[in-house]
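Notes to accompany the following structure.
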Amino acid sequence: MQSGAPIDATSTTQPEAAKLPGAAQEGVAISNREKQIVLWLNNVNHMMNHFQNQIAFVMYPTISRELGFGPWELSLIAAGRNIFTNWAQLGYGLLTPFVPRFQLLGITSLIYALGTFLSGTTWNFSSFLTIRCLASAGSSSMHPVGTSLLASYFRERRGAVLALNSTISQIGSLMAPVVGGFLLIAIGWRNTFFSVAGLSVLMALAYFFFRDRVMDPSRRSESNRAKLARSKASYFRVLRNRNFIMIALVFLVGGAGRGEVTPTYLPLHLERDFGFATAFTALVLFLYPLGGLAGPILFGWISDRSSRKRVIQVSLLLSGLATLALAWQGPDPFLIVANVIFYGMVTHSRGTLTQAMVADSVSEEDQDAAYSLYFFLGFFSAPIWAIVTGFLFQSYNFGVAFSVMAISYVIAMLLMSLAKDMRRPRARGGFPR
């Protein structure tokens, strides 16, 4: 992994960079080849995580008929997985001092693969619920730990790299219904789980061939008590970091692009209120995440070359306007298609931008704790937004429900004005190196 021209994990052309929050261990040279392998290992594994998660949705009708459960039990699966995922994300920052990040990602990916495999062996609803919840705890490390790892290896390209990682993961979500539907017909739902788990094992094993060369190696010899104390101290420092709190609140407040709110309520609005056929609804649901592929990369690329804070505020403003337009536009199919693509672009961009800003705002030592807290706080609001939106939709109409979501983006934009951009904009840039 040492071939190629060495490229420092931190900037050697800007001496003051080491003094900024998020600076890595000084003097660590990592080759371009190794950094690219780390990038694409995380990208593909994140894509497989999304694929494993989304593929279950297309099989739920068949599974529910065979195992004998209905909509209420499906809501229990969704709630249980959300709870396990969220609390697991909070705890992974405590584990990184004890288990290196590459190994932790490998172990948790194996747990997720095992959960996927065992999902094909279930015999009733209780066993299916238990295994799916445990599997989700294994998949949840990719957000805090995987994001922290990429932010460490690509300090000066965080916006573009994290955006690329998000985009690749969305490809997994797009592939899941098509591939999952084909496999379901061809080999059945049990064998589909078995096959997908086998591919995931291969991806998980690749992590064990790497070691974290950004983190300070001297800390590996510390006692377990010292590691635990240092990990706890990181959490407390992050919670006292005003800039981090503001960024996390921005992620928590704006709700329209998260929590599966849009794909849950938009189809009902299109078919019940406008009378569109299921085929058009399916097209819209495909175009919505498709727009989300381009948005994060575009905004992330711009944020690496300008003020990250201002780019986030522009993204939030555009998200609010697109949400408001979606809320009140009429049944013109061409306008709906155009707006849904734009809506997907801007609403999917906020997450990767705020993730990059988190890394800019904390030290390298506190990065794992910061991402654990960031994702915990952000996703904590997801079920709340789902309930609020559903209540407003049922009590009033779709326009009122999504107008409230649009207002949430404006509030998030105002909150971002209280945060600081802790990173100097680059004079020149390029794609992740």
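Those letters in the sequence shown? Residues 1219 to 1651, per our numbering, in order.
Note that CB positions come from ideal geometry on N, CA and C, so glycine has one too.
Residue j beta carbon less than 8 Å from that of residue i
| i | j | result |
| --- | --- | --- |
| F1492 | P1549 | yes |
| S1387 | H1487 | no |
| G1513 | H1566 | yes |
| V1468 | L1633 | yes |
| V1580 | V1456 | yes |
| T1314 | G1356 | no |
| Q1585 | A1369 | yes |
| F1337 | R1350 | Reading off the sequence, residue 1337 comes out as Ser, not Phe. The answer is yes: Cβ separation under 8 Å. |
| V1471 | L1505 | no |
| L1308 | S1590 | yes |
| T1385 | I1515 | yes |
| F1560 | H1361 | no |
| A1637 | N1459 | no |
| N1300 | P1601 | yes |
| L1536 | A1630 | no |
| P1485 | L1503 | yes |
| T1541 | Y1483 | no |
| Y1392 | M1277 | In the sequence under discussion, the amino acid at residue 1392 is Leu, which differs from the Tyr named in the question. Against a cut-off of 8 Å, the Cβ pair of M1277 and L1392 comes out as no contact. |
Backbone CA spacing between residue i and residue j [nearest angstrom]
| i | j | result |
| --- | --- | --- |
| G1311 | F1494 | 46 Å |
| I1412 | L1539 | One detail in the question is off: residue 1412 reads as Phe in this sequence, not Ile. The straight-line gap from Cα to Cα measures roughly 44 Å. |
| V1262 | M1421 | 8 Å |
| N1267 | I1248 | 27 Å |
| P1279 | V1379 | 37 Å |
| S1418 | L1367 | 20 Å |
| V1555 | G1510 | 14 Å |
| E1252 | A1574 | 21 Å |
| L1332 | R1408 | 13 Å |
| L1328 | A1424 | 11 Å |
| V1163 | A1624 | For the chain, the structure presents residues 1219 to 1651; residue 1163 sits outside this window and is missing. |
| F1609 | L1544 | 18 Å |
| M1464 | K1450 | 21 Å |
| L1347 | A1588 | 30 Å |
| G1240 | S1441 | Because the pLDDT at G1240 is just 40, under 50, the model does not fix this residue reliably, and the value given afterwards should be weighed accordingly. Computed Cα separation, rounded: 25 Å. |
| A1497 | A1415 | 31 Å |
| R1663 | R1376 | Outside the displayed range of the chain (1219 to 1651) lies residue 1663, so it cannot be described from this structure. |
| V1576 | F1517 | 16 Å |
| K1445 | E1583 | 12 Å |
| R1283 | I1295 | 15 Å |
| G1406 | Y1614 | 42 Å |
| T1572 | D1578 | 10 Å |
Buried versus exposed, by CB contacts within 10 Å (16 or more), residue i
| i | result |
| --- | --- |
| N1383 | buried |
| D1522 | buried |
| T1339 | exposed |
| A1381 | buried |
| T1303 | buried |
| V1529 | buried |
| A1404 | exposed |
| T1480 | buried |
| G1288 | exposed |
| S1635 | exposed |
| R1568 | buried |
| Q1531 | buried |
| I1520 | buried |
Proximity test, Cβ basis, 8 Å: residue i and chain B
| i | result |
| --- | --- |
| A1331 | In the displayed structure, chain B is absent; only one protein chain is listed. |
Worksheet entry | Validate contact between the stretch 1321 to 1338 and the stretch 1417 to 1431 using beta carbons, cut 8 Å, 3 pairs | yes
Worksheet entry | Stretch pair the stretch 1248 to 1263 + the stretch 1337 to 1354: three plus CB contacts closer than 8 Å | no
Worksheet item: Hey, is the stretch 1387 to 1397 in contact with the stretch 1272 to 1281, meaning 3+ C-beta pairs nearer than 8 Å?
Response: Below 8 Å, enough C-beta pairs join the stretch 1387 to 1397 and the stretch 1272 to 1281 to call them touching: three or more.
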